[in-house]
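Asker: Following this message is one structure expressed as structure tokens.
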Amino acid sequence: MKPIQPMEPMPPSMMARLKDNKIIQAWLVLILAICFGSSLAGIQLTLGPRIEENKINETREKVPELILGAARAQQLAETEKALEIQPTSVAVTKNGRQTAYSVLEARDPEKGRLGWVVKAGGQGYADKIELLLGLDPSAEEISGIFVLEQKETPGLGNKITEEDWRGQFIGKDTDRPLEVVKDRVDEENEISAITGATISSRAVATIVNTAVADLKGKLAAQ
Amino acid sequence: MVYLVDILLIGIGAALINNFVLYYFVGICPFIGVSRRIDTAFGMGCAVIFVITIAATISWAITTFILMPGAPLTTWAAGLFVSKEAAARIDLTVLSYIVYIFAISSSVQFVEMYVRKFFPPLYKALGVFLPLITTNCAILFACLVIMSKIVGVDNPQDAWDLGRALTLAVGGGIGFTIAIVIMAGIREELDLCDVPKPFQGAAITLIVAGILALGFMGFTGVDTGLRNALMPEQTIASAPAVSPEEMK
Amino acid sequence: MSDQPTAAERFIQGILPENPVYRQLLGLCPTLAVTNGMQAAITMSGAVLFVLFCANVIVSLIRNLLKPHLRIVIFTLTIATFVTIADRFLAAYVYQMSKVLGPYIPLIIVNCLIICRCEVCSSKQNVVAAGADAIGQSIGFALALSSIAAVREILGTGHFFGIRVLPEVWPDWVVMVLPPGAFLTFGLLLGLLNWYGTFRAEKAERG
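Chains as they are written, first to last, in my numbering: chain A, 1 to 222; chain B, 1 to 248; chain C, 1 to 207.
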């Protein structure tokens, strides 16, 4: 019977191979990370500007319609002339907090300032509502609104995006805050609510009123 | 005061009104998989709250200080090589998804070690579910929402601070726990009912979840109402009384 | 390894028998979230196809270098990179749709479907099989999403792909495009498919 042999210590070559594997593993992750990182950097460099452009155009392409009205904006597009659009920021101090409104100034190359487009937002019925508000150069008249983002109830609250309802805001004076009424519209500063979506309608009016109250003086002074 | 009201509304919003499971559809896999018994469901919910808090803190910190354009650490580090203006424009947000998922994996590892050491019975009960929290959409979703509130705002002052980010994370986790515990309670009763064979398991759970979602829809508008009740002066635009002559 | 399914088998399995949504119950988050309308569902399926295919191919190419303790890290890194690329492409070329899909594109990273395929298939088989598996599973995913989206869009808005298919008198079942509708539609369709599967199995047994 063969004497029991003590177990041989693990051959050094295998130990070295195991360690090697772990190093290979770490190297693999590193190489992959570098490859992926550089491809992502490439993507960012090529697509980044395009994405930025998309974001800016989202608001910019609405400006002619808001300032001039749908018909004249269409004419302008056909003649391939464009309005000069100058983005600015108007700082406002409210309740001790500093906020800034993002404002676009629309100019015609010959006629000068045609109006302002203000980006305003506020709480709607379900979630935040973001809209664009068009004002005339002295901020005395509303030239239109456009709802950018809303998450109101489909079929009810999300009718605030419809052109008919938004058309009520065109031509309203800014000397008095707008009020939303459920029945007939009697006064100059009244807006008719969407049936079944009074809160959403009131939210839009509140956002418009707040923006006007905050910015009227400052825009007229510019 | 405004800050506290904001925090309260974010928390209630994430927990009840825009419930992560029943409104945003994140965390559905554990919602259907782990909701058979109330104690496992509750344990899972608590683990998720823990992980989501840690993950949200890490991702908020990394986004605010390293990833976003104009972040302090990046600007300082790059400022050693290039001009200050160029350094301020470096935008590392393209790396955000990778960073978030690794932050989440590390948080889960950390929580797993912690639970194994201090709560062994819970560790045994949760078993394989703890590592699965890494693929729980709810946590990555919370990080993504926080990122959109930091990087996606027009005004740098409106970017969310740590308090708001944490409230969203904890609120979302609590909402997930509420949903999963309610579902576990219902399923414990369903086990005694005569569910038709094709619907047993996932299908009936989904239908029950649909009815639950209908119920939670009743919370819509609670935050608007609360905001109007707590801060009435903010809602009515008081236009300064300026006469027309002064305007000209 | 001859006991592994071939590329063709992987492809066919992915479409209906091992459908990722209806049979494996993976990737449920986007199934419920983006099936409001057909356009969103198809865009999401396209994104998943891109990510799954690229991830499967890359993992298959390096499968011999993978060791157990680091493979999840490598899977995650690969998937996260391709999801970022897909997300940027969508934001650059179809900006409105990327806003509609919102945070659900990055959520593809934690979509159990992709990690599962990497684990089960591409870390063990060659590139061709992995690629076929990816395409098959994505087609199955697209079919599942489209089925739910079709029901929700037609009943909820009367439109299909933006084209009106139901007459104006149809009172839109708004609940269909809201969260509860997603759960209910999916649950009912899943039950229906389960019933159909058992029905066919019983018929095969008897016939």
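Glycine is no exception: its CB is placed at the ideal position from the N, C-alpha and C atoms.
Measure the Cβ-Cβ separation of residue 138 of chain B and residue 27 of chain B and say whether it is below 8 Å.
Answerer: To locate residue 138 of chain B, count along the second sequence from 1; it is residue 138. To locate residue 27 of chain B, count along the second sequence from 1; it is residue 27. Against a cut-off of 8 Å, the Cβ pair of residue 27 of chain B and residue 138 of chain B comes out as a contact.
Asker: Report yes or no: do three or more beta-carbon pairs, one from the segment 10-25 of chain C and one from the segment 6-16 of chain B, lie closer than 8 Å?
Answerer: They do not touch, by the three-pair rule.
Asker: Look at the alpha carbon of residue 57 of chain C and the alpha carbon of residue 204 of chain A, and state the distance between them as a whole number of angstroms.
Answerer: The residue given as residue 57 of chain C occupies position 57 in the third sequence. The residue given as residue 204 of chain A occupies position 204 in the first sequence. Answer to the nearest angstrom: the Cα atoms are 50 Å apart.
Asker: My output table needs one value for residue 36 of chain A: the three-state DSSP class, helix, strand or coil.
Answerer: By 1-based counting over the first sequence, the position of residue 36 of chain A is 36. Looking at residue 36 of chain A - three-state DSSP - the assignment turns out to be helix.
Asker: Please tell me whether, using a cut-off of 7 Å, the distance from the CB of residue 151 of chain C to the nearest non-hydrogen atom of the ligand HEM is below it.
Answerer: Of ligands this structure carries none, so the ligand HEM is not represented either.
Asker: Classify residue 126 of chain A: buried if its beta carbon has 16 or more other beta carbons within 10 angstroms, exposed otherwise.
Answerer: As a first step, residue 126 of chain A must be located in the first sequence, where it is residue number 126. With 16 or more other Cβ atoms within 10 Å, it is buried.
Asker: I want to see whether chain C comes within less than 8 Å of residue 121 of chain A, judged by CB atoms only; does it?
Answerer: Residue mapping note: residue 121 of chain A aligns to position 121 of the first sequence, counting from 1. With 8 Å as the cut-off, residue 121 of chain A does not count as an interface residue toward chain C.
Asker: So, does the CB of residue 105 of chain B fall closer than 8 Å to a CB anywhere in chain C?
Answerer: Reading the second sequence from its first residue, position 105 is the one you call residue 105 of chain B. Closer than 8 Å: yes.
Asker: Relative to the C-alpha of residue 136 of chain A, which candidate in A/71, A/198, A/106 has its C-alpha closest?
Answerer: As a first step, residue 136 of chain A is located in the first sequence; it is residue number 136 there, counting from the start. Of A/71, A/198, A/106, the residue nearest in Cα terms is A/106.
Asker: Would you call the segment 85-97 of chain B in contact with the segment 119-129 of chain B, where contact means no fewer than 3 C-beta pairs closer than 8 Å?
Answerer: Touching, no.
Asker: Just to confirm the assignment, what range does the beta strand (DSSP E) spanning residue 121 of chain A have?
Answerer: Stepping through the first sequence from its first residue, residue 121 of chain A is reached at position 121. 112-123 is the extent of the beta strand (DSSP E) around residue 121 of chain A.
Asker: Looking at chain B, is there any beta carbon in it that lies within less than 8 Å of the beta carbon of residue 195 of chain C?
Answerer: The residue you call residue 195 of chain C lines up with position 195 of the third sequence. With 8 Å as the cut-off, residue 195 of chain C counts as an interface residue toward chain B.
Asker: Can you tell me the Cα-Cα spacing of residue 210 of chain C and residue 202 of chain C, whole angstroms?
Answerer: No answer is possible for residue 210 of chain C: the residues shown for chain C start at 1 and end at 207.
Asker: For the alpha helix (DSSP H) that residue 106 of chain A lies in, which residues bound it at each end?
Answerer: Sequence index remark: in the first sequence, residue 106 of chain A carries index 106 (1-based). No alpha helix (DSSP H) holds residue 106 of chain A; the beta strand (DSSP E) holding it covers 97-108.
Asker: Touch check for the segment 191-211 of chain B and the segment 60-71 of chain B: three-plus C-beta pairs under 8 Å?
Answerer: No, they do not touch.
Asker: Taking the Cβ atom as the reference point for each residue, do residue 25 of chain B and residue 182 of chain C lie within a distance shorter than 8 Å?
Answerer: Translated into the one-based positions of the second sequence, residue 25 of chain B becomes position 25. Translated into the one-based positions of the third sequence, residue 182 of chain C becomes position 182. Contact: yes.
Asker: Please check if any C-beta of chain C sits within less than 8 Å of the C-beta of residue 114 of chain B.
Answerer: Within the second sequence, the letter at position 114 stands for residue 114 of chain B. No, because no Cβ of chain C sits closer than 8 Å to the Cβ of residue 114 of chain B.
Asker: Please give me, in chain order, every unbroken run of the alpha helix (DSSP H) with length at least 4 that falls completely inside the segment 203-227 of chain B.
Answerer: For the segment 203-227 of chain B, not a single whole alpha helix (DSSP H) run of length 4 or above is found.
Asker: Taking contact to mean 3 or more Cβ pairs, one atom from each stretch, closer than 8 Å, check whether the segment 19-32 of chain C and the segment 71-89 of chain C are in contact.
Answerer: Judged by Cβ distances under 8 Å, the segment 19-32 of chain C makes no contact with the segment 71-89 of chain C, as fewer than three pairs qualify.
Asker: Let me make sure I understand the geometry here. Which of A/198, A/157, A/142, A/91 has the alpha-carbon closest to that of residue 177 of chain A?
Answerer: Locating residue 177 of chain A in the first sequence gives position 177, counting from the first residue. It is A/142 whose Cα lies nearest to the Cα of residue 177 of chain A.
Asker: Once you ignore the five residues that flank residue 211 of chain B on each side, which residues in its own chain have a CB closer than 8 Å to its CB?
Answerer: Here residue 211 of chain B refers to the residue found at position 211 of the second sequence. Closer than 8 Å at the Cβ level, and outside the excluded window around residue 211 of chain B, lies no residue.
Asker: Could you give the DSSP three-state label for residue 1 of chain C: helix, strand or coil?
Answerer: By one-based count along the third sequence, residue 1 of chain C stands at place 1. The pLDDT assigned to residue 1 of chain C is 43, lower than 50, so where the model puts this residue is not dependable; a value taken from the coordinates is nonetheless given after this. Reduced to three states, the DSSP call for residue 1 of chain C is coil.
Asker: Please report the straight-line C-alpha distance between residue 155 of chain A and residue 174 of chain C, rounded to a whole angstrom.
Answerer: Numbered from its first residue, the first sequence carries residue 155 of chain A at position 155. Numbered from its first residue, the third sequence carries residue 174 of chain C at position 174. Straight-line Cα distance between these residues: approximately 7 Å.
Asker: Taking Cβ positions only, does residue 51 of chain A come closer than 8 Å to chain F?
Answerer: Judged by its chain identifiers, the structure shown contains no chain F, and its protein chains are A, B and C.
Asker: Are residue 124 of chain A and residue 152 of chain A touching if we call contact CB-CB under 8 Å?
Answerer: Along the first sequence, read from residue 1 onward, the residue named residue 124 of chain A stands at position 124. Along the first sequence, read from residue 1 onward, the residue named residue 152 of chain A stands at position 152. Contact flag set, yes.
Asker: Going by the beta-carbon positions, is the gap between residue 141 of chain B and residue 17 of chain C smaller than 8 Å?
Answerer: As a first step, residue 141 of chain B must be located in the second sequence, where it is residue number 141. As a first step, residue 17 of chain C must be located in the third sequence, where it is residue number 17. It is not a contact, given that the beta carbons lie outside the stated cut-off.
Asker: By a C-beta neighbour count over all protein chains shown, 10 Å radius and 16 as the cutoff for buried, is residue 143 of chain B buried or exposed?
Answerer: Residue numbering aside, residue 143 of chain B sits at position 143 when the second sequence is read from its first letter. So residue 143 of chain B counts as buried.
Asker: Could you have a look at residue 87 of chain A and say whether DSSP puts it in helix, strand or coil?
Answerer: Working through the first sequence from its first residue, we reach residue 87 of chain A at position 87. Three-state DSSP puts residue 87 of chain A in a strand.
Asker: Along chain B, in chain order, which residues have C-beta atoms closer than 8 Å to that of residue 199 of chain A?
Answerer: Locating residue 199 of chain A in the first sequence gives position 199, counting from the first residue. Per Cβ cutoff of 8 Å: 221, 224.
Asker: Would you tell me roughly how many angstroms separate the C-alpha atoms of residue 216 of chain A and residue 102 of chain A, rounded to the nearest one?
Answerer: Mapped onto the first sequence, residue 216 of chain A falls at position 216. Mapped onto the first sequence, residue 102 of chain A falls at position 102. Cα to Cα, the separation comes out at about 14 Å.
Asker: Write down every uninterrupted run of the beta strand (DSSP E) in the segment 137-204 of chain B whose length is 3 residues or greater and which is fully enclosed by it, in chain order.
Answerer: The segment 137-204 of chain B contains no whole beta strand (DSSP E) run of 3 or more residues.
Asker: Are residue 177 of chain C and residue 36 of chain C touching if we call contact CB-CB under 8 Å?
Answerer: Position 177 of the third sequence, counted from the start, is the residue given in the question as residue 177 of chain C. Position 36 of the third sequence, counted from the start, is the residue given in the question as residue 36 of chain C. Contact: yes.
Asker: Nearest to residue 145 of chain A by CA position, among A/128, A/65, A/219, is which residue?
Answerer: On the first sequence, position 145 is the one that residue 145 of chain A refers to. The residue with the shortest Cα to Cα distance from residue 145 of chain A is A/65.
Asker: Got a sec: which bits of the segment 77-96 of chain B sit with their beta carbon under 8 Å from any beta carbon on chain A, in order along the chain?
Answerer: So the list reads 91, 94, 95, given in the order they occur along the chain.
Asker: Residue 77 of chain C to residue 62 of chain A, Cα distance in whole Å?
Answerer: By 1-based counting over the third sequence, the position of residue 77 of chain C is 77. By 1-based counting over the first sequence, the position of residue 62 of chain A is 62. In a straight line, the C-alpha of residue 77 of chain C is about 40 Å away from that of residue 62 of chain A.
Asker: Is the segment 207-216 of chain A touching the segment 150-158 of chain B, taking contact as three or more C-beta pairs under 8 Å?
Answerer: With the cut-off at 8 Å, the segment 207-216 of chain A and the segment 150-158 of chain B do not touch.
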